[in-house]
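Here is the structure we will look at, set down as structure tokens.
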Amino acid sequence: MIGQLIKTSLITQICVISFLGIFEDTLAAEKWTISSSLQYSTGNYVFDQNTSTFYLYGGLRYQSDKWSLFTSIPLISQNSDLVTGSGGAFFPSTHHDSGEPGSSHHGGNMAGGNGMANMTTGLGDLYLSAAYQVLSNDKRQPYIAANLRIKAPTAGTENGFGSGEFDYGASLTVRKRFQSYIAVAEVGFWVLGDPAGITYKDPLVFGIGAGKFFNREQTGLLIYYQNYSTILNGLEPIRQVSLGLNHQLRAGIMLTAIGLAGLSETTPDFSFSSGLEWAL
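For our numbering, count along the sequence shown from 1 and bump the result up by 26.
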């Protein structure tokens with residue numbers, strides 16, 4: 027019997043980092059930057075009832091020649107307690123037993139069974155990441171970075187905004203410029219904290235993307251596909267595709283917009299995020 031689902035917007039944060047990464051030369055001279063973004067996600071997942079979620083993020087980044095450190099935390103508002111947070115996806119929990127799985131995973135109505143009037147608001151989980159540049163991009167070699175990521179359980183479990191457990195991840199990112207084009211690939215894994223009554227399989231993660239620069243490299247467009255291995259038997263692994271746009275408004279200020287389409291029952295039907303990053 028599937029009760030609650032466990033959800034986080036961590037995937038979108040990883041996508042944001044991937045999209046901002048194609049502009050590492052643009053913001054390389056800036057030691058400190060702050061960011062803010064608004065995200066909307068909606069989907070049925072394995073239920074008949076639709077869940078709509080809003081996230082308002084605040085973030086801080088430090089960047090040196092080799093190191094990049096980033097942290098962010100969201101304020102969450104959601105119209106259902108059927109979904110909550112672990113490892114960047116949506117999985118069963120034993121929190122409660124209302125809400126049966128439905129036969130239609132994607133393509134549900136936008137209003138949702140609870141409607142937008144029954145919104146619950148609270149703090150989400152804290153996200154931390156560190157990246158170390160192993161190689162820099164030039165004509166002979168790609169950019170390669172090693173990444174560490176942590177999700178700290180700052181969200182409440184009673185409102186469905188967190189699992190109450192730490193998640194840890196590591197990955198390797200490879201990027202290569204080909205004149206105005208760029209190719210991106212990432213491979214890694216997550217070690218997921220297990221809430222009471224649930225044992226997760228720690229997933230492998232793979233992502234691949236391609237992008238292009240426009241407008242004298244002030245604008246960048248990137249399409250990115252991401253796939254996880256199975257985390258719980260009986261539920262589809264994460265599969266999704268994202269389309270992201272970066273635009274440098276002026277020196278030290280970057281606009282990012284990302285649209286995401288879920289390809290499995292453990293991702294939202296649709297998600298959209300837009301935000302700014304600017305130098306201090």
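Think of the CB as a built atom: it goes at the ideal place given N, C-alpha and C, for glycine as much as any other residue.
No experiment lies behind these values; they were computed from the predicted model shown.
If you measure between the beta carbons of Asn-253 and Phe-232, is that distance less than 7 Å?
Counting from one through the sequence shown, the residue named residue 253 turns up at place 227. Counting from one through the sequence shown, the residue named residue 232 turns up at place 206. Yes; because the gap between Cβ atoms is below 7 Å, this pair is in contact.
Thinking C-alpha only, which one of Thr-282, Gly-235, Asn-272, Thr-293 is nearest Leu-261?
Residue mapping note: residue 261 aligns to position 235 of the sequence shown, counting from 1. Comparing Cα positions, the closest option is Thr-293.
If you check the beta carbons only, do Tyr-194 and Trp-93 fall under 7 Å apart?
Position 168 of the sequence shown, counted from the first residue, corresponds to residue 194. Position 67 of the sequence shown, counted from the first residue, corresponds to residue 93. No, these two residues do not count as a Cβ contact at 7 Å.
Any chance you could list the alpha helix (DSSP H) runs of at least 4 consecutive residues sitting entirely within the segment 187-238, in chain order?
none
Could you check how far apart the C-beta atoms of Asp-151 and Ala-181 are, in whole angstroms? I think they sit under 8 Å.
Locating residue 151 in the sequence shown gives position 125, counting from the first residue. Locating residue 181 in the sequence shown gives position 155, counting from the first residue. The C-beta distance from Asp-151 to Ala-181 rounds to 5 Å, short enough to meet the 8 Å contact threshold.
Tell me whether the beta-carbon of Leu-198 lies closer than 7 Å to the beta-carbon of Val-213.
Numbered from 1 along the sequence shown, position 172 holds the residue referred to as residue 198. Numbered from 1 along the sequence shown, position 187 holds the residue referred to as residue 213. Contact flag set, yes.
Leaving aside the five residues before and after Tyr-81 along the sequence, list all residues of the same chain whose C-beta is less than 6 Å from its C-beta, in chain order.
Here residue 81 is taken as the residue at index 55 of the sequence shown, counted from 1. Listed in chain order, the non-local C-beta contacts of Tyr-81 below 6 Å within the same chain comprise Ser-35, Gln-65, Pro-100, Ile-102, local neighbours out to five positions each way being set aside.
Are Arg-87 and Phe-73 close, meaning C-beta to C-beta below 7 Å?
The count along the sequence shown starts at 1 and reaches residue 87 at position 61. The count along the sequence shown starts at 1 and reaches residue 73 at position 47. Contact flag unset, no.
Which of the three DSSP states, helix, strand or coil, is assigned to Pro-263?
Here the question's residue 263 lines up with position 237 in the sequence shown. In this structure, Pro-263 counts as coil in the three-state DSSP scheme.
Quick check on the burial criterion: 16 or more other C-beta atoms within 10 angstroms. Buried or exposed for Tyr-226?
For the purposes of this step, residue 226 is taken as the residue at position 200 of the sequence shown. Buried, by the Cβ-count rule.
Have a look at Leu-218, Gly-235, Gln-274 and flag the residue whose alpha-carbon is nearest the alpha-carbon of Asn-241.
On the sequence shown, position 215 is the one that residue 241 refers to. For the residues Leu-218, Gly-235, Gln-274, the minimum Cα distance to Asn-241 belongs to Gln-274.
When burial is assigned at 16 or more other CB atoms within 10 Å of the CB, is Ser-98 buried or exposed?
Looking up residue 98 in the sequence shown gives position 72. Counting the other Cβ atoms within 10 Å of the Cβ of Ser-98 gives 16 or more, which makes it buried.
Cutting at 6 Å between CB atoms, please list the residues of its own chain near Glu-191, excluding the five before and the five after it.
Taking the first residue of the sequence shown as 1, we reach residue 191 at position 165. The residues are Pro-179, Gly-219, Pro-221.
Here's the rule: buried if 16 or more other CB atoms are within 10 angstroms of the residue's CB, otherwise exposed. What is Lys-57?
The residue labelled residue 57 in the question sits at position 31 within the sequence shown. Counting Cβ neighbours within 10 Å, Lys-57 comes out exposed, since fewer than 16 surround it.
Does DSSP classify Gln-159 as helix, strand or coil?
By 1-based counting over the sequence shown, the position of residue 159 is 133. If DSSP states are grouped into helix, strand and coil, Gln-159 belongs with the strands.
If I measure Cβ to Cβ from Phe-298 and keep anything under 6 Å in the same chain, skipping five residues before and after, which residues do I get?
The residue labelled residue 298 in the question sits at position 272 within the sequence shown. Result list for Phe-298: Tyr-66, Gly-285, in chain order.
Is Gly-278 helix, strand or coil by DSSP?
In the sequence shown, residue 278 corresponds to position 252, counting from 1. Three-state DSSP puts Gly-278 in coil, outside helix and strand.
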